[in-house]
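The next block holds one structure in the form of structure tokens; read it before the comments.
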Amino acid sequence: MTVVVGVDVATAAVRATAVDPSGAVVATVARPLPAPQRPRPGWSEQPASYADVALEVLRTLAGQLGGRPVAGLAVTSTSGTVVPCDARGVPEGDALLYDDRRATEDGALLARAECARRDAHRHEAEASEQAPAPDEVPTDELPAALGRIAWLERHRRAPRYLHVADVVVAALAGGIQPTDTSHALKGGADPETLSWPGRLLPLLGVDEEKLPALERPGAVVAEVCAEAAARTALPVGTPVVLGMTDGCTGQIAAGAVAAGDAVSVLGTTLVVKAVTDTRPHLPGTAVYSHRAPDGRWWPGGASNVGAGVLIARSPGADLAALDLAADRHGPARVCCYPLTRRGERFPFARPDADGFWTGEPRDGVEEHRALLEGVAFTERLALTVLGRAGDLAARPLSAVGGASRSEVWLRIRATVMRRTVSVPEHPTSGFGAAVLAASATVHGSLAESVAEMVRPSHTVDPDESQSEALEASYGRFLAALRDRGCLDGDEETAATE
């Protein structure tokens with residue numbers, strides 16, 4: 001039987017997943033990547049061996065397929081990482097990772113970014129009220145979104161600048177191909193017009209010719225070339241389908257592709273996304289909107305809060321045992337905003353935000369319980385913000401990411417958000433990339449692929465016995481954020497109302 005393949009290039013490893021048209025996983029192979037390097041405060045880079053490792057993984061995977069034909073493959077990766085490359089798409093130096101902040105410390109780049117902000121505000125003021133300027137890359141984020149490319153152009157100039165997925169696709173196709181608007185979104189790409197921000201790039205010193213062309217995700221843009229076929233054992237001519245970021249393919253794996261759906265990807269950090277029929281306009285927020293292959297919009301945001309705080313606060317601890325103890329403990333007396341470092345992006349944008357506690361937990365169990373609740377409170381607030389972009393249907397919230405393995409945490413999240421949480425059978429970005437590949441090869445659309453391939457594993461309902469206590473704690477959480485100047489408006493309105 002035919003299979004499709006999703007290649008997930010994360011920061012820690014490359015994982016390839018082969019899936020048949022019914023959604024059954026046939027094989028999965030993973031290999032580690034070199035550890036990130038942080039030579040200075042705020043710097044985060046990694047040897048750009050993504051293509052070599054990905055092709056090695058694909059070769060091992062091909063050996064496990066028993067001769068099954070591969071109908072197509074798609075690549076997903078972490079958004080925001082930039083790789084300096086030569087004219088063929090081969091890396092020329094280390095990648096600047098998604099959390100690299102060196103551009104924000106470069107005075108010349110900051111000055112250029114300020115000019116870009118002023119220019120953007122001027123154009124927004126000139127735009128008609130009927131056609132507001134896109135807000136997919138908020139002007140306040142320009143140094144972070146485009147700064148890595150601009151920094152490379154100033155200090156480590158290269159012929160081309162690509163995303164991680166682009167590098168792998170270039171190796172498969174034998175040259176640079178168009179990038180998808182999903183990976184390019186935080187670089188300022190407009191997914192509606194398929195264009196880079198032409199008036200902003202020169203102000204930041206970036207030559208648009210060094211960036212890849214833009215295409216919508218889900219398009220077949222290339223075929224596996226002879227050189228890549230020899231290295232991977234995949235047939236020459238295997239279709240290469242443009243992917244999306246790992247947050248988006250995680251959303252596909254959750255089956256959240258219909259208008260009104262919502263999904264939460266909870267791993268080291270938290271990504272919350274929704275689906276709307278029209279392009280949302282949420283000025284003053286950190287919400288960005290990907291455009292799906294079917295033309296719908298996926299507004300969402302990425303928080304610096306997430307499951308990573310559990311390891312940061314309790315390194316080496318048995319988290320499963322702590323979860324059980326926290327479940328027996330019940331709702332915490334204190335609440336927290338569980339940031340592990342300064343700065344927040346979503347559900348509010350405050351680069352100077354710090355984590356906080358409203359009191360001192362009595363012991364490690366209450367601390368762990370408060371951390372679980374704090375992430376859930378952040379998740380609910382994120383849904384409230386996204387609710388302004390369009391009605392969120394009163395259907396289960398899809399939950400993916402590593403934290404979806406914790407039944408205790410799922411129950412807390414369901415209770416806090418006052419809605420059932422649904423966990424898909426295969427909640428991984430690589431599986432979602434395979435479903436996306438199938439939409440352009442073995443199925444007729446993304447909706448058809450999801451209907452045929454994505455199934456829920458189980459659902460978790462709210463614990464009504466804890467609803468009142470958690471609702472009161474959520475109110476204290478919002479009040480503490482308002483006291484610190486992080487919120488204003490009607491954030492206390494539930495996303496489900």
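To convert, note that position 36 of the sequence shown is 36 in the UniProt record's numbering; the numbers rise steadily by one, no gaps.
Ideal placement from N, C-alpha and C gives every residue a C-beta, glycine not left out.
Using DSSP bridges, identify the partner residues of residue i.
{"i": "Glu215", "result": "Asp180"}
{"i": "Pro41", "result": "According to DSSP, Pro41 bridges with nothing at all."}
{"i": "Ala95", "result": "Gln46"}
{"i": "Ser439", "result": "Note: Ser439 sits in no beta bridge, so no partner."}
{"i": "Tyr474", "result": "Its beta-bridge partners do not exist; DSSP assigns none."}
{"i": "Phe356", "result": "Tyr337"}
{"i": "Trp297", "result": "Thr276, Arg291"}
{"i": "Val29", "result": "Ala16"}
{"i": "Gly350", "result": "Correcting the residue type first, residue 350 is Arg in the shown sequence and not Gly. Answer by DSSP bridge pairing, in chain order: Glu344."}
{"i": "Ser398", "result": "Val263, Ser422"}
Between residue i and residue j, is the Cβ-Cβ spacing less than 9 Å?
{"i": "Ala222", "j": "Val168", "result": "no"}
{"i": "Arg38", "j": "Glu192", "result": "no"}
{"i": "Val400", "j": "Leu410", "result": "no"}
{"i": "Val7", "j": "Val70", "result": "no"}
{"i": "Gly93", "j": "Asp166", "result": "no"}
{"i": "Phe348", "j": "Leu185", "result": "no"}
{"i": "Ser77", "j": "Gly243", "result": "yes"}
{"i": "Ala54", "j": "Ala16", "result": "yes"}
{"i": "Ala326", "j": "Val365", "result": "yes"}
{"i": "Val206", "j": "His183", "result": "no"}
{"i": "Ala332", "j": "Ala74", "result": "no"}
{"i": "Thr269", "j": "Gly430", "result": "no"}
{"i": "Arg148", "j": "Gly80", "result": "yes"}
{"i": "Ala171", "j": "Ala103", "result": "no"}
Starting from the C-beta of residue i, find all residues in its chain whose C-beta is less than 8 Å away, skip the five residues before and the five after it, and write them out in chain order.
{"i": "Gly72", "result": "Val4, Val5, Val220, Thr238, Pro239, Val240, Val241, Ala437, Ala438, Ala440, Thr441, Val442"}
{"i": "Pro36", "result": "Thr11, Ser44, Glu45, Gln46, Leu97"}
{"i": "Asp277", "result": "Ala259, Arg296, Trp297, Gly390"}
{"i": "Leu357", "result": "Just to set this straight, residue 357 is Trp in the shown sequence, not Leu. Closer than 8 Å at the Cβ level, and outside the excluded window around Trp357, lie Val334, Cys335, Cys336, Ala370."}
{"i": "Leu386", "result": "Ala262, Val272, Lys273, Ala274, Val287, Pro299, Gly300, Gly301, Leu392, Ala495"}
{"i": "Arg216", "result": "Asp180, Thr181, Pro191, Leu194, Leu242, Arg291, Pro293"}
{"i": "Asp86", "result": "Glu92, Ala158, Pro159, Arg160"}
Of the choices the options, whose alpha-carbon is the least far from that of residue i?
{"i": "Arg380", "options": "Glu407, Phe346, His163, His458", "result": "Phe346"}
{"i": "Ala376", "options": "Ile149, Asp352, Val309", "result": "Val309"}
{"i": "Arg31", "options": "Thr11, Gly295, Ala451, Arg148", "result": "Thr11"}
{"i": "Thr340", "options": "Gly444, Leu383, Asn304", "result": "Asn304"}
{"i": "Arg101", "options": "Val82, Glu92, Pro91", "result": "Val82"}
{"i": "Ser406", "options": "Leu322, Gly42, Glu468, Cys336", "result": "Leu322"}
{"i": "residue 500", "options": "Glu373, Leu204, Glu105", "result": "Since the displayed the chain opens at 1 and closes at 497, residue 500 lies outside it and no answer follows."}
{"i": "Thr28", "options": "His426, Gly316, Leu470, Glu471", "result": "His426"}
{"i": "Glu471", "options": "Asp461, Arg413, Gly430", "result": "Arg413"}
{"i": "Arg313", "options": "Thr60, Arg157, Gly355, Ala469", "result": "Gly355"}
{"i": "Pro34", "options": "Glu373, Ile149, Ala51", "result": "Ala51"}
{"i": "Leu319", "options": "Glu367, Arg342, Cys225", "result": "Glu367"}
{"i": "Tyr474", "options": "Met417, Arg484, Ala62", "result": "Met417"}
{"i": "Leu214", "options": "Thr60, Gly444, Pro178", "result": "Pro178"}
{"i": "Ala228", "options": "Thr420, Ala173, Pro396, Gln466", "result": "Ala173"}
Using C-beta distances below 6 Å, list every residue in its chain close to residue i, excluding the 5 sequence neighbours before and after it, in chain order.
{"i": "Val263", "result": "Gln251, Ala254, Ala256, Lys273, Ser398"}
{"i": "Phe477", "result": "Cys335, Phe377"}
{"i": "Arg482", "result": "none"}
{"i": "Val14", "result": "Arg31, Val53, Ala54, Val57"}
{"i": "Gly175", "result": "Arg88"}
Can you give me the Cβ contacts of residue i inside the same chain, cut-off strictly under 7 Å, excluding the 5 residues immediately before and after it?
{"i": "Gly23", "result": "Glu452, Met453, Val454, Arg455"}
{"i": "residue 498", "result": "Given a span of 1 to 497 for the chain in the structure shown, any question on residue 498 remains unanswerable."}
{"i": "Met1", "result": "Asp20, Arg68"}
{"i": "Ala131", "result": "Only weak support is given to the placement of Ala131: the predicted model assigns it a pLDDT of 35, under 50, and the question is left unresolved by the model."}
{"i": "Ser457", "result": "Val423, Pro424, Glu425"}
{"i": "Thr493", "result": "Interpretation of Thr493 is limited by its pLDDT of 45, a score under 50 that renders its predicted location unreliable; no figure is taken from the coordinates."}
{"i": "Asp463", "result": "Arg411, Thr415"}
{"i": "Ala403", "result": "Leu266, Gly267, Ala307, Trp409"}
* Okay, do the region 34-51 and the region 61-72 touch, 3+ Cβ pairs below 8 Å being the bar? -> no
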